[in-house]
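A short write-up of the structure that comes next.
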Amino acid sequence: MKEEFTIHAAKTNLSKLIRRALAGDEIIIAKGKKPLVKLVVIEQATNKRKVGGCSDFVKYMADDFDAPLEDMHEFMDFAE
Numbered sequence: 296m297k298e299e300f301t302i303h304a305a306k307t308n309l310s311k312l313i314r315r316a317l318a319g320d321e322i323i324i325a326k327g328k329k330p331l332v333k334l335v336v337i338e339q340a341t342n343k344r345k346v347g348g349c350s351d352f353v354k355y356m357a358d359d360f361d362a363p364l365e366d367m368h369e370f371m372d373f374a375e
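Numbering-wise (our numbering), the sequence shown opens with residue 296 and increments by one.
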């Protein structure tokens with residue numbers, strides 16, 4: 296969504312405008328009715344998650360890592 300704000304409104308709501316720009320909105324800042332600048336996201340600043348991105352950090356995992364814990368049996372829903 297494209298929306299235009301005055302300099303005063305932009306100063307007052309800068310945090311909100313930054314969140315909206317990060318969400319993909321086009322934010323134009325104007326002096327009076329004359330558009331001056333556009334608030335844009337720097338692509339390097341966006342953190343995109345990568346599935347399996349930390350797989351190199353796991354050095355060892357026991358074979359029974361995801362096995363049920365016997366002492367937690369009463370708190371877990373097991374089909375018996």
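Backbone N, C-alpha and C fix where the C-beta goes; we use that ideal spot for every residue, glycine too. All figures in this text were calculated on a predicted structure; none of them were measured in a lab.
Check, Outcome
"8 Å contact criterion, which residue 334 and residue 324 should meet: CB distance rounded", "7 Å"
"Own chain residues within Cβ distance below 6 Å of residue 321, not counting five before or after", "297"
"C-alpha distance - residue 302 paired with residue 319, whole-angstrom precision", "20 Å"
"Anticipated Cβ contact below 8 Å, residue 371 with residue 363, distance rounded", "6 Å"
"Backbone secondary structure at residue 325 - three-state DSSP", "strand"
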